[in-house]
């Protein structure tokens, strides 16, 4: 991953940022649940795939895409689990604690899922 190009980083930043902007805007206009649906769209994954296609070619691109997709599956499963847990924590202790818990629980869950599936 040390050979990521600047254009790849910029693509991830712009597409991910636009997804967050769109989710926030739609949550305000249509409702939070719809914004939440948009927030889960794979914008950063899309940017990462495009960046891979810029940085890699041929069989290397295929292998890198497979590895990244496997990681994305681990990440989304951890995300789903942490969202369920976070709803409880936010209701019980508020959004400040919930924010910290959400990030920490996702990191722990993603690490555990990765270890179980890849070791």
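Residue numbers (our numbering): 665 to 783. Here a beta-carbon is modelled for each residue, glycine too, at the ideal position from N, C-alpha and C. This structure is a prediction, so every number in the text was calculated from the model and none was measured.
Start-to-end residues for the alpha helix (DSSP H) that takes in residue i
| i | result |
| --- | --- |
| residue 759 | 759-782 |
Buried versus exposed call for residue i [16 or more other C-beta atoms within 10 Å across all chains shown]
| i | result |
| --- | --- |
| residue 766 | buried |
| residue 776 | exposed |
| residue 676 | buried |
| residue 768 | exposed |
| residue 682 | exposed |
| residue 695 | exposed |
| residue 770 | buried |
| residue 738 | buried |
| residue 758 | exposed |
| residue 762 | buried |
| residue 685 | exposed |
| residue 688 | exposed |
Under the three-state DSSP convention, the category residue i falls into
| i | result |
| --- | --- |
| residue 669 | coil |
| query | Taking the runs of the alpha helix (DSSP H) that are 4 residues or longer, which of them lie wholly in the segment 690-733? | reply | 696-703 and 707-719
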